[in-house]
Amino acid sequence: MANPSATITCPGCGGEAHLLQPATDEEPYEPGEVAAYRCADCGDRVDVPVSDDEDDGRPEDDG
Ligand SMILES: [Zn+2]
1214 MANPSATITC PGCGGEAHLL QPATDEEPYE PGEVAAYRCA DCGDRVDVPV SDDEDDGRPE
1274 DDG
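Residue numbers for the sequence shown follow the numbering used here, so the first one is 1214 and each next one is one higher.
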């Protein structure tokens, strides 16, 4: 399953961002789609690409 998390940490303020459209059994997220979140603290929208597989060891290049 490639379903995104219900909440993520807002990259802007560190608050909690909530998934706008949670995946359902009928309409699951697919790899390549973008999951949109809205931060409860600062109101920013955060788009997170849905990936096919999960690599725990993948390095983050946050330059
Ligand atoms: Zn925020």
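Every residue gets a Cβ at the ideal spot worked out from N, C-alpha and C, and that includes glycine.
1. Less than 8 Å separating the beta-carbons of residue 1232 and residue 1244?
2. Nearest to residue 1225 by CA position, among 1256, 1265, 1264, is which residue?
3. If you measure from each CB to the nearest heavy atom of ligand 1 and keep those under 6 Å, what residues do you get, in chain order?
4. Spatial neighbours of residue 1252 within its chain, please: C-beta separation below 7 Å, excluding the five flanking residues on both sides.
So, from the listed chains and residues:
1. Contact: no.
2. When only C-alpha atoms are compared, the closest one is 1256.
3. The answer, residue by residue, is 1223, 1225, 1226, 1228, 1252, 1254, 1255, 1257.
4. 1223, 1225, 1226, 1228, 1230, 1259.
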